[in-house]
Amino acid sequence: MGKKVAVTGVGITKQSSVRHDVNGVEIINEAVRAALEDADMNRADIDAVVIGNMDHFEGINYVEAWSIDGNGGLMKPTMKVTTGGCTGSTVAMAAYYHVASGLFNKVLAIGWEKNSESDTTGAITTAFDAIWDRPVFAGAVAGLAVEAALYMHETGATEEDAAYVAVRDRKHALNNPFAHLHINLTIKDIMDSPYLSWPVKMGDMCPRTDGACALIFSSEDVVDDFPMPPAWVVAVANRHMYTYTADADFGSIDGPYWMTSLEAASKDIYSRVGISDPLNQFDMAELYLPYSFAGVKWMEALGFTGRGGGPELLRSGATDMGGKCPVNPSGGVLSSNPIGATALLRVADAALQMQARAGARQVPDAKLALCTGFGGCYWSDMLILSKDKP
Amino acid sequence: MADWRDEVEPWVLESRIKVPYTWTAGETGSHYLLELKDNKKFWGTRCPQCKRIYHVPKRNCPECFTECTEWVELGPLGTLRDYTIMRKAEPRLHTLPVPFAYGVIFLDGSDTGFLHLLYEYEEADLAEGLRVEPVFAEERTGHILDVKYFRPAKAVS
Amino acid sequence: MQPVAIVGVGQTKVEANKIRERFEDMVFEATNKALADAGMTIDQIDNVTTISNDFWDGRTISSMAINDACGSYDKNVSTAEGDGTFGAIYGLMRTLAGTFETTLVVAHHKGSESVMRLITNAMFDPIFERSMGIDAIASAALQAGSYMRKYGISEEQCAMVSVKNHGNAKKNPYAQLAMDLTVEEVMRSEMLSDPIKKLDCCPIGDGAAALILATGERAKKITEKPVWVKGVGYCCDSYHLGYRDLAGCDALVAAAKQAYTMAGIVDPRKEIDLVELHDAFTYQEPFWLEGMGFCERGEGGKLTESGKTALGSELPVSASGGCLSSNPVLVAGLVRIIECALQIRGDAGEHQADGVKTALAHGVNGPAGQSHCCWILGGEA
Amino acid sequence: MTDSEKICIDVLSGPDEEQPFHYAAGVYGSVFINELRDNKRLMGIKCPKCGKVYVPPRRVCPPCFVEMTELVEVSSEGSLYSFSVVSFGFLDPATGKEKPVPYTYAVIDLDGADNRFLHFLDETDHNKIKINARVKAIFEEERTGGLLDIKHFTMV
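Sequence lines, in order, name chains A, B, C and D. Read in order, the letters of the first sequence correspond to residues 594 to 983 in this note's numbering. Read in order, the letters of the second sequence correspond to residues 18 to 174 in this note's numbering. Read in order, the letters of the third sequence correspond to residues 281 to 661 in this note's numbering. Read in order, the letters of the fourth sequence correspond to residues 590 to 745 in this note's numbering.
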């Protein structure tokens, strides 16, 4: 069996729409040094580094090699993994496997983004097939909007239901000093914001953010070296189901799937951890919800409620701070979206929660956390973190 | 039965990825590039721990991970270490006509080399240890190519 | 390290332009070959690691093109972006982690779809280096010149590598450039960037490759000829060419040492029977062999000249023809591992070397050999 | 160096900087492109195992992992599975220029196909578009190869 793995250090940079004070390598270094300081480590203590990006987002190829001066990997084993929007969770999983394999004890996982340096929608469009998708595609916004339109059609859910998520996550962000957006909004504010791609409005979408995040993943053999209690990784799983965008099935209310990859990944990871009632078993969740509608429909795909039950679940307050299972105490993707780091930030914030050091956004007595990553063609990554050793 | 796949005329989409980028040099890089632009001067940073002087400047020492806050003026002359003469033209990449050379140059005072172009040289002169001097562009914009290239130093220093 | 073995391998022929195929077509072929080689079906694959590069593929999330074709539908899957040897290490980690018994690793590349010099230029820093127009050939030439001048390695010695590898390729049905060359022909070929001439360079081709890893007990059930992973090591040096000693290869020395230690190898000269090098340029054979400890520093040129690296001699190097004869970027590293596995199994066909018990597969990432990866493979557990 | 705005230098990629690519459609995709251009026919392919028809044709059925060879023609009419009216400005990476908006991005269930087809719909008032509406392809008069040999879809 593999080694048990824990997060033992967290570093998050200041996040904003433009970080002019640092270049890419320097923003990576800022996160790495914060993580090392948090873990009371030196660069010399790192066994290996794993980092990811989306090449055409930053115009940077071979990111692990390019960022070596800042990423801490100089004369160490260094690897790049990448899967688009879910790159951050892919990096986290890769760091988990680095340690679980028994090959390394202390591994640095890095996600970063300087969204300000390119045209985000133009860059995202290049993720899709040049022949079959790009001529008509409009990046993530329109790609998600067609799901939203169908969801409303199938369930009768409304734009106001979705706006609840946008309001909730941004309200949560007020508790998070690292969040990019600190704005208190109302459902009316969201409803009044202009359409980007009907039915998705400006207020429904995540921002573009410059920021970075670094985590230390450590083996059970060395967790006592660290000043903070470990946040254990209980399990990881993912599904990247679709190659052709035209195959993506957004689901019908009575069809076999609702959000295919998320349902398949949940089934996999829940069965390994023994989750049958996520709403009651998880104490909190950091979910990669890139737009508000995801916070309604995907809760159904994750099994927090039945199909079509999303609006009611939200309005019950169960996902608010103080509810049964607060979702995105950090403010989530709707408040900060440095794309290559976004999914890693979910893991970072869940780890802080498990370590009971999330400050004003702490969920009292949180012991079990769910994290997700989203990217590619409706792809899903999932990690479960725990306060107790699995 | 003949396989239809053998009969198909293959189609290829001639396209491109054309996304404009704006790479932020950051405070350290900006200071360096502005000094090139405004004063035709080269600056490096010194690591307070290992004392190594980095050119181009580093905000953080890649080895020690400490912040390099001390600026040190370097050059303008330097010494050539590695070099190669580029003979195969690629107009989409090259700012000089071939043959020109690439060199790794250690500016006087610097502990690290940096990549730049070499021009106005005799091929026989290119050697490790060659002293070189920068040729600045008339119009400078705050870019590494504000130095058009380096050439063998006229005066021996 | 727990025992893990390679239980199946597959590769496509490498060609200059597979205009009739997309990435997915090549990957489907390689995957099915690896499955057939292992006697497995896709249902028996527990998880998948893919290897591709967004710049080369002209597509962000390049793995999005091939997930169907590698059978990863409804499986755990992830993507490493770098040389195949690095991606295979990620596959190895996933196999060792206790969750999966079998891992499929696939890589694809179509050099025909992009402009090599523009793509490799983009691996350089956009603020301080890229605008000089430097590319893979020029950066390798800077290194070649420094190394060769420092140790008196001659261009003729490098040319001998080209002659040997393109000759070996004639015995490898998957190789792209199989040629009878003479040292004179290599020396007369067009000078691109001193001292690198056209026939000192690899071609950039189209191809895919796949291998299957399995945990110890499972591997023995799958195949009678498992090839065991004895040791791995990888290490990354400084990025900027001026920050490192270009005439040294410190990262390779460290990566090789790590792999030898894990494999219990004390003297590679005696204990390793064959090397598949990531030799994209001819100077890299003597250079990398020195770094791996097969001869003293500066003796690599003589080692090549002595003929000892030829197929049929003491230490066959790149018996497949190496990267010099076929270099679908990233795939090339995976093919180095596959070729070592075939040699150990005795299944390398016409380019089979005698008595290969232990072999070393090598891969490179980043400009001018910035990051190296070494795999030690053996026939016995 | 306190006023970071003042000292900030941005390095820009050149106005003509681009990475050219020759994206091969492969023989499967080329069948679709060629038939669309020459005969205004939309081709799909049928999985021998599950019987699903995919458009455009490709080699592998994802869930079955089997090779497909049976070409079938699918209709140029179908129903609207979902849509979005794109109204924000963004850059088209194939040209480096702003893409003209608004336009409607349509996900279409072509009759005879089991996956979907992505294209434009010519109506941009979201109130006038209904999911499940019948739509049909409008072909370009001069077809030169490529997805945009279909001009757009329109509601029947």
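Here a beta-carbon is modelled for each residue, glycine too, at the ideal position from N, C-alpha and C.
In its chain, beyond the 5 residues on either side, Tyr835, Cys970, Tyr971 have a beta carbon closer than 7 Å to the beta carbon of Ala841(A).
When Trp851(A), Ala830(A), Tyr837(A) are compared, the shortest CA-CA separation from Ser864(A) is found for Ala830(A). Judged by DSSP in its simplified three-state form, Trp725(A) adopts coil rather than helix or strand.
Asn769(A) counts as buried, since no fewer than 16 other beta carbons sit within 10 angstroms of its beta carbon. Here His133(B) really is in contact with Gly120(B); their C-beta atoms are around 6 Å apart, less than 8 Å. With a cutoff of 8 Å on beta-carbon distance, Asp486(C) and Lys637(C) are scored as not near each other. Within its own chain, the residues whose Cβ lies closer than 6 Å to the Cβ of Ala458(C), once the five positions on either side in sequence are excluded, are Ala449, Lys450, listed in chain order. Per the Cβ contact rule, the segment 373-385 of chain C is not in contact with the segment 300-307 of chain C (fewer than 3 Cβ pairs under 8 Å). Chain D has a Cβ within less than 8 Å of the Cβ of Trp791(A). Beyond the five residues adjoining it in sequence on each side, Ile644(A) comes within less than 7 Å, by CB distance, of Val656, Glu657, Ser660, Asn664, Lys673, Val684, Ile703 in the same chain, given in chain order. Here Ser711(A) has Phe650, Glu651, Gly652 as same chain residues with Cβ atoms under 7 Å from its own Cβ, once five neighbours each way along the sequence are excluded.
Checking the DSSP bridge columns, you'll see Asp974(A) partnered with Asn831(A), Gly966(A). Between Tyr863(A) and chain C, the shortest Cβ-Cβ separation is not below 8 Å. For Gly734(D), no CB of chain A lies under 8 Å from its own CB, so it is not counted at the interface with that chain. Distance from the CA atom of Asn646(A) to the CA atom of Ala612(C), rounded to whole angstroms, is 22 Å. Counting the other CB atoms within 10 Å of its CB gives Ile776(A) a total below 16, which places it among the exposed residues. Burial check for Ala141(B): the Cβ neighbour count within 10 Å stays below 16, so the residue is exposed. DSSP places Thr935(A) in the uninterrupted alpha helix (DSSP H) bounded by 932-947.
In the three-state reduction of the DSSP assignment, Val620(D) falls in the helix class, which pools H, G and I. Within 8 Å of the CB of Ile634(D), no CB atom of chain A is found; the nearest one sits about 12 Å away. C-alpha of Glu753(A) to C-alpha of Val956(A): approximately 26 Å in a straight line. Within the segment 45-64 of chain B, the residues whose Cβ lies closer than 8 Å to any Cβ of chain D are, in chain order, Gly46, Ser47, His48, Leu50, Leu51. Interface criterion not met: the Cβ of Phe875(A) is under 8 Å from no Cβ in chain C. Taking C-beta atoms as the reference points, Lys537(C) and Gly511(C) fail to come closer than 8 Å. Every alpha helix (DSSP H) of 4 residues or more that sits fully in the segment 392-428 of chain C is shown, in chain order, as 396-401.
Legend: CB atoms of the segment 834-863 of chain A lying less than 9 Å from CB atoms of chain D belong to residues Met834, Tyr835, Thr836, Tyr837, Thr838, Ala839, Asp840, Ala841, Asp842, Phe843.
Annotation for Gly95(B): no alpha helix (DSSP H) segment contains it, though the beta strand (DSSP E) segment containing it runs 95-103. Neighbours of Tyr612(D) in chain C, taken as residues at a C-beta separation under 7 Å, are given in chain order as Gly338, Glu393. When the Cα atoms are used, Ile598(D) and Ile862(A) turn out to be separated by approximately 47 Å. In the DSSP secondary-structure assignment, Tyr643(D) is bridged to Ile634(D). Taking a cut-off of 8 Å for Cβ pairs, the segment 713-722 of chain A and the segment 804-821 of chain A do not touch, as fewer than three such pairs fall below it. In terms of Cα proximity to Glu687(D), the closest of Thr658(D), Arg626(D), Phe677(D) is Phe677(D).
Across the structure, Gln874(A) and Gln564(C) are spaced so that their CA atoms are roughly 57 Å apart. Counting only residues of its own chain and dropping the five nearest sequence neighbours on each side, Ala735(A) has a CB closer than 6 Å to the CB of Ser790. Its Cα nearest to that of Gly658(C), the residue Asp553(C) stands out among Leu372(C), Asn445(C), Asp553(C), Ala527(C). Taking a contact to require three or more Cβ pairs closer than 8 Å, the segment 66-73 of chain B and the segment 357-375 of chain C do not qualify as touching.
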